[in-house]
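Student:
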Amino acid sequence: MGESDVYEKLSQLIFSGEFETGSSLVERNLADRLGVSRIPMRETLSSLVAQGALEGGRKGESVRLRRYTVDELRQLFDYRAVIEGGCVRSAAMYTSEADLMRLEIICDGMQDILEGDDFTKWSSLDVKFHEALAEASRNDRFERTLKSLLRECFYVFYVLSRRRSRRELTKEEFAFHKQQALDDHRAIIELLKTKQVEEAEARIRLHILRSADRVIRASIETDLESNDDKADQAESS
Numbered sequence: 001m002g003e004s005d006v007y008e009k010l011s012q013l014i015f016s017g018e019f020e021t022g023s024s025l026v027e028r029n030l031a032d033r034l035g036v037s038r039i040p041m042r043e044t045l046s047s048l049v050a051q052g053a054l055e056g057g058r059k060g061e062s063v064r065l066r067r068y069t070v071d072e073l074r075q076l077f078d079y080r081a082v083i084e085g086g087c088v089r090s091a092a093m094y095t096s097e098a099d100l101m102r103l104e105i106i107c108d109g110m111q112d113i114l115e116g117d118d119f120t121k122w123s124s125l126d127v128k129f130h131e132a133l134a135e136a137s138r139n140d141r142f143e144r145t146l147k148s149l150l151r152e153c154f155y156v157f158y159v160l161s162r163r164r165s166r167r168e169l170t171k172e173e174f175a176f177h178k179q180q181a182l183d184d185h186r187a188i189i190e191l192l193k194t195k196q197v198e199e200a201e202a203r204i205r206l207h208i209l210r211s212a213d214r215v216i217r218a219s220i221e222t223d224l225e226s227n228d229d230k231a232d233q234a235e236s237s
């Protein structure tokens, strides 16, 4: 297994939601699980730390799944907005008919489950749409960078936010999110078809920053509730 394969499989595993935020990632255990030696595993973990996806890794310190502050969440989605904005600019210039068809088929799949509450299926199609945008850029650097970034962003949006939140989205809230996301996806496809470069970039940035707003708002609400609980406990003790 080459280094790029190790990176691919490890990042998928880390951002699958299997590990708790802040938990240590043991190099030996991960290497055994993926059937690779410890050297490429160590190098891959170091790369993920350098990218900011993981934290720790200094001498004598474990590598851990990041605990995101509100500012770190903002930085993550701001970075994605820049990268995916550039990706969509490139797609608006170079996308093929096959790319557009793939994007439309994914949207059709999202439309089919719009009225349901299959969270897992919806999130999977959402990821596929943005990965297809990365491929449509016809730029290998954009594609590699964006696909790596998407794993972390979708982990934060679909896994971490639900895990940290004290309440699930209501059926109405989830329906609103899905409809808004699908409307954005359809609009982006139309802008790619007509090669409206500036407009396509602006729409994807808006789409991403809406996601950032939801994640950051949920994080702040959770922190406030946690502080209220601590204050209540202090008063009662």
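Numbering (the UniProt record's numbering), first residue to last: 1 to 237.
No residue lacks a Cβ here, since even glycine has one placed at the ideal position from N, Cα and C.
If we ignore side chains and look at the alpha-carbon of each, how far apart do Lys9 and Leu34 end up?
Tutor: Computed Cα separation, rounded: 8 Å.
Student: Might you give, ordered along the chain, the residues of its own chain that have their beta carbon closer than 8 Å to the beta carbon of Glu20, omitting 5 neighbours on each side?
Tutor: Same-chain partners within the cutoff: Leu65.
Student: Taking 6 Å as the limit between beta carbons, can you name the residues of its chain near Arg102, skipping five residues before and five after?
Tutor: So the qualifying residues of the chain are Ala132.
Student: For the putative contact between Ala149 and Ile216, defined by C-beta atoms under 8 Å, what is the C-beta separation to the nearest angstrom?
Tutor: The residue you asked about is not Ala; residue 149 is Leu in the sequence shown. Between Ile216 and Leu149 the Cβ distance is about 17 Å, and since that is not below 8 Å, they are no contact.
Student: Helix, strand or coil, according to DSSP, for Ser24 in the structure here?
Tutor: Of the three classes helix, strand and coil, the one that applies to Ser24 here is strand, per DSSP.
Student: For Ile14, decide whether its Cβ has a neighbour in chain C, counting only Cβ atoms nearer than 8 Å.
Tutor: Note that chain C does not occur in the displayed structure, where there is just one protein chain.
Student: Give the straight-line distance between the Cα atoms of Ser90 and Gln196, rounded to the nearest whole angstrom.
Tutor: In a straight line, the C-alpha of Ser90 is about 11 Å away from that of Gln196.
Student: Return helix, strand or coil for Arg114, following the three-state DSSP convention.
Tutor: Checking the sequence shown, residue 114 turns out to be Leu, not Arg. Looking at Leu114 - three-state DSSP - the assignment turns out to be coil, as it is neither helix nor strand.
Student: I'd like to know whether the C-beta atoms of Asp112 and Glu135 end up nearer to each other than 8 Å.
Tutor: Cβ atoms of Asp112 and Glu135: not closer than 8 Å.
Student: Beta carbon of Leu25, beta carbon of Val63: below 8 Å?
Tutor: Yes.
Student: Measuring CA to CA, which of Asp140, Cys87, Thr145, Val6 is closest to Ile39?
Tutor: Nearest C-alpha to Ile39: Val6.
Student: Counting only the same chain and skipping the five closest in sequence on each side, list residues whose C-beta sits under 6 Å from that of Cys153.
Tutor: Contacts found: Arg80.
Student: If the criterion is Cβ atoms closer than 8 Å, does the pair Arg203 and Asp184 meet it?
Tutor: Taking 8 Å as the Cβ cut-off, Arg203 and Asp184 qualify as a contacting pair.
Student: Is the beta carbon of Phe157 sitting closer than 8 Å to the one on Cys87?
Tutor: Cβ atoms of Phe157 and Cys87: not closer than 8 Å.
Student: Report the rounded CA-to-CA distance for Glu173 versus Arg67, giving the unit in angstroms.
Tutor: Going from the Cα of Glu173 to the Cα of Arg67 covers about 26 Å.
Student: Please classify Leu224 as buried or exposed, where buried requires at least 16 other C-beta atoms within 10 Å of its C-beta.
Tutor: With fewer than 16 Cβ atoms within 10 Å of its Cβ, Leu224 is classed as exposed.
Student: Under the DSSP definition of a beta bridge, which residues are partnered with Arg64?
Tutor: Ser24, Glu55, per the DSSP bridge assignment.
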